[in-house]
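Q: If you read the sequences in order, they're chains L and S. In this text, residue positions in the first sequence follow this note's numbering: the first is 1, and each later residue adds one. In this text, residue positions in the second sequence follow this note's numbering: the first is 343, and each later residue adds one. Think of the CB as a built atom: it goes at the ideal place given N, C-alpha and C, for glycine as much as any other residue. These figures come from a predicted structure and were not determined experimentally.
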Amino acid sequence: MIAIGIDPGFGNFKIADAEGRVAALPSTVGVGEIAPALETGLGRRRREASRLPDRVRLGNLSYLAGEVERYARPADRLDMDRFGGGPEMEALLLAAAFRLLGEGEFEAAASVGLPVHVLRAPDAAETVASVRRWLIGEHRGEVNGRPFALRIRAVRVLAQPLGAFFAWGLDGSGRWARPAADFKARVAVIDVGFNTLDIFAVEAGEVIQRFTQGGTVGVRRAAERLADLMRAQRGWAPSLREADAWLRGNGEEEISRQALETAASEIVTFCEQALGDTAPLLRAVLLTGGGVAFAPIRERLMRRFPNAVVPADPVTANALGLARFAVRLIRERKDGPAGAEA
Amino acid sequence: MGRRGRRPKPQRPVRVVITLSLDPLRDGDLVELLSRVPFGARAALVKAALRGADLRAFLPIPEEEAIEAALDRLGEIFEA
Numbered sequence: 001m002i003a004i005g006i007d008p009g010f011g012n013f014k015i016a017d018a019e020g021r022v023a024a025l026p027s028t029v030g031v032g033e034i035a036p037a038l039e040t041g042l043g044r045r046r047r048e049a050s051r052l053p054d055r056v057r058l059g060n061l062s063y064l065a066g067e068v069e070r071y072a073r074p075a076d077r078l079d080m081d082r083f084g085g086g087p088e089m090e091a092l093l094l095a096a097a098f099r100l101l102g103e104g105e106f107e108a109a110a111s112v113g114l115p116v117h118v119l120r121a122p123d124a125a126e127t128v129a130s131v132r133r134w135l136i137g138e139h140r141g142e143v144n145g146r147p148f149a150l151r152i153r154a155v156r157v158l159a160q161p162l163g164a165f166f167a168w169g170l171d172g173s174g175r176w177a178r179p180a181a182d183f184k185a186r187v188a189v190i191d192v193g194f195n196t197l198d199i200f201a202v203e204a205g206e207v208i209q210r211f212t213q214g215g216t217v218g219v220r221r222a223a224e225r226l227a228d229l230m231r232a233q234r235g236w237a238p239s240l241r242e243a244d245a246w247l248r249g250n251g252e253e254e255i256s257r258q259a260l261e262t263a264a265s266e267i268v269t270f271c272e273q274a275l276g277d278t279a280p281l282l283r284a285v286l287l288t289g290g291g292v293a294f295a296p297i298r299e300r301l302m303r304r305f306p307n308a309v310v311p312a313d314p315v316t317a318n319a320l321g322l323a324r325f326a327v328r329l330i331r332e333r334k335d336g337p338a339g340a341e342a
Numbered sequence: 343m344g345r346r347g348r349r350p351k352p353q354r355p356v357r358v359v360i361t362l363s364l365d366p367l368r369d370g371d372l373v374e375l376l377s378r379v380p381f382g383a384r385a386a387l388v389k390a391a392l393r394g395a396d397l398r399a400f401l402p403i404p405e406e407e408a409i410e411a412a413l414d415r416l417g418e419i420f421e422a
C-alpha cells in the first residue's frame with residue numbers, strides 16, 4: 001500500500017507520495033478532444049512540457065483534465081460542494097494520480113487537505129463525511145488510453161496548511177524528524193491559494209485556535225484586478241483562469257505586478273491581523289501555496305515575517321506533508337483492528 | 343469561627359520508613375526508575391509495586407512518544 005497526499009486546491013489539484021514525488025495540474029476539466037496528431041508519441045514528460053491536458057475516460061464519459069483552455073471550455077467549480085466528488089473531481093483525481101504513479105493498479109491510504117474556512121464552517125462534518133464517501137473505494141478509468149485504478153483504503157481529512165507543517169517536520173516514514181524543541185515551539189503556516197488564504201498556528205501539537213483563520217483573499221484577487229486592468233487598458237477582460245495563467249506566465253509585466261501588488265497588500269494585511277501580536281514569538285512562519293510562487297506576494301510576506309521559511313516547492317508542499325502523514329495511517333491499519341478504515 | 347483545613351482521619355496512618363541500598367549495577371533499573379519518577383510520587387510507586395501494578399504509569403512519557411501521540415491527535419482534529 002502506498003501513502004498519498006491529496007491537496008485539491010481551487011487553482012491546482014496536487015498529489016504526492018511520501019517518497020517526495022509530486023504531480024500537479026490546473027483544477028480545470030472540460031469536455032473536448034485533442035487532435036490525434038498532437039498526441040502521437042507523447043510520453044508523460046513531453047505531455048507535461050507541451051502543456052497538453054490528460055484525456056480521462058470514466059465509463060462512457062470522456063473529459064479533458066488539467067491544461068484544457070486551448071481545447072475545451074473549462075468547467076470551473078469554485079463551490080465547496082465540489083469536495084464531495086462528482087465527475088469533474090474524479091477526472092482530476094485520476095489524471096493527477098496517473099501523472100504521479102503511471103499506468104497500473106494501486107492501493108493507497110490518503111490524507112486530504114481542505115481549506116481552513118471549509119473545516120470551520122457549520123456544515124464541516126458533512127463536508128468531511130462527503131469527502132470520505134467519495135474517496136474511499138475504487139477509482140477506475142482510462143487516462144490517455146491507458147488503464148488506471150486507485151483503490152483508497154483509508155482517508156484522513158486535515159486542514160491544508162497542516163500539510164506544510166508536516167512537510168517541514170516529518171520524514172518519509174511519517175515520524176517527527178526535527179529537534180523536539182521545534183515541535184514544542186509555536187509555528188505558523190500561511191497558505192496562499194488561488195481562492196483561499198489560510199493561517200494556521202501550532203504549538204506542541206495543539207492547534208492555537210486564536211491564530212487560526214481562513215478567508216477568501218487568495219490569488220483570485222490578483223486575477224480579478226488583472227481582469228479589471230485589462231478591461232480598462234485593452235478593452236478585453238480575460239476569465240479568472242485565463243488571468244491566473246497570464247499572471248503565472250507574465251509575472252514581470254507591469255500590469256501583472258500591479259495586480260499582484262494589490263493582492264499582496266490584502267494578503268499581508270490579513271496575516272498581520274491574524275498573527276500580529278504572536279509574530280515575534282513564532283519559531284517559524286511557513287509560507288506555502290501557489291500564491292507564494294509569485295515574487296511580489298512572497299517578498300512582501302518575507303519582509304513582514306523575517307522568520308519566514310519557504311519550502312523548495314510551495315505549490316506542492318501541502319500535498320507532500322499530507323503524504324508523509326498518510327504513512328501513519330498505513331501503520332495504524334497494521335497495528336489496529338483488521339479491516340478498520342480510518 | 344469554624345475549624346479550617348482537612349478533617350483528621352479517624353485512624354492515624356501507619357508510617358513505614360524503608361531505606362533502600364541499591365547497587366548501581368545490579369539494581370540499575372530501579373535506580374533509573376526512581377530517578378525518573380516525578381518528585382512526590384515515590385511513595386505511591388512503592389505502594390503500587392507492592393500491589394503488583396505496572397510501574398510504567400509512574401514514568402514521564404518519553405519525549406518521542408509524547409510527540410507521536412500529539413501528532414496522532416493533530417491528525418484527528420477534524421474527524422467526526
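To be precise: take each residue of the segment 150-170 of chain L, compare its Cβ to all Cβ atoms of chain S, and keep it if any distance is under 9 angstroms. Which residues remain?
A: Flagged, chain order: Arg-156, Val-157, Leu-158, Ala-159, Leu-162, Phe-165, Phe-166, Gly-169, Leu-170.
Q: Note down the Cα distance separating Arg-398 of chain S from Glu-19 of chain L, rounded to an integer number of angstroms.
A: Using only the alpha carbons, I get a separation of about 36 angstroms.
Q: Could you list the residues in the segment 405-421 of chain S with a C-beta less than 9 angstroms from some C-beta on chain C, going in chain order?
A: Reference to chain C is not applicable here, since the protein chains of this structure are L and S.
Q: Please name the residue, chosen from L:Phe-10, L:Ile-297, L:Gly-193, L:Val-31, that lies closest to Leu-58 of chain L on a Cα-to-Cα basis.
A: Among L:Phe-10, L:Ile-297, L:Gly-193, L:Val-31, the Cα nearest to that of Leu-58 of chain L is on L:Val-31.
Q: Taking C-beta to C-beta, are Phe-270 of chain L and Val-217 of chain L nearer than 8 angstroms?
A: Contact: yes.
Q: Rounding to the nearest angstrom, what Cα-Cα distance links Leu-423 of chain S and Ala-177 of chain L in this structure?
A: Lying outside 343 to 422, the shown extent of chain S, residue 423 of chain S is not represented and no answer is given.
Q: Below 8 angstroms on the Cβ atoms is my guess for Ala-317 of chain L versus Pro-311 of chain L; work out the distance and round it to an integer in Å.
A: The Cβ separation is near 4 angstroms, so the contact holds.
Q: Let me know if Gly-328 of chain L comes out buried or exposed under the rule of 16 or more other beta-carbons within 10 Å of its beta-carbon.
A: Correcting the residue type first, residue 328 of chain L is Arg in the shown sequence and not Gly. When all chains shown are included, Arg-328 of chain L counts as buried.
Q: So with CB distances below 8 angstroms, who are the chain S contacts of Val-207 of chain L?
A: Under the 8 angstroms cutoff, chain S gives Leu-416, Ile-419.
Q: By a C-beta neighbour count over all protein chains shown, 10 Å radius and 16 as the cutoff for buried, is Phe-200 of chain L buried or exposed?
A: Flag for Phe-200 of chain L reads buried.
Q: Nearest CA to the CA of Leu-260 of chain L: which residue from L:Arg-324, L:Gly-276, L:Asp-228?
A: Comparing Cα-Cα distances from Leu-260 of chain L to each of L:Arg-324, L:Gly-276, L:Asp-228, the minimum goes to L:Asp-228.
Q: Scan the segment 234-288 of chain L and note each continuous beta strand (DSSP E) run of 3 residues or more that stays entirely inside, going in chain order.
A: Runs found: 284-288.
Q: Taking 8 angstroms as the CB-CB limit, is Val-128 of chain L close to chain S?
A: With 8 angstroms as the cut-off, Val-128 of chain L counts as an interface residue toward chain S.
Q: Please return the same chain residues whose Cβ sits closer than 7 angstroms to the Cβ of Asn-12 of chain L, not counting the five positions on each side in sequence.
A: Closer than 7 angstroms at Cβ, skipping near neighbours: Ala-24, Leu-25, Pro-26, Ser-27, Gly-290, Val-315.
Q: Apply the 10 Å Cβ neighbour rule to Phe-83 of chain L and answer buried if 16 or more other Cβ atoms are within range, or exposed otherwise.
A: By the 10 Å Cβ count, Phe-83 of chain L comes out buried.
Q: Inspect the beta-carbon positions of Arg-146 of chain L and Glu-107 of chain L and report whether they are closer than 8 angstroms.
A: It is not a contact, given that the beta carbons lie outside the stated cut-off.
Q: Taking 8 angstroms as the CB-CB cut-off, is Val-359 of chain S touching chain L?
A: Chain L contact via Cβ: absent.
Q: What do you reckon, are the CB atoms on Thr-288 of chain L and Asp-171 of chain L nearer than 8 angstroms?
A: No, the Cβ-Cβ distance between Thr-288 of chain L and Asp-171 of chain L is not below 8 angstroms.
Q: Which residue comes first and which comes last in the beta strand (DSSP E) that contains Asp-17 of chain L?
A: Its beta strand (DSSP E) spans residues 12-17.
Q: What is the rounded straight-line gap between the Cα of Phe-194 of chain L and the Cα of Gly-163 of chain L?
A: If I take the Cα positions, the gap works out to 17 angstroms.
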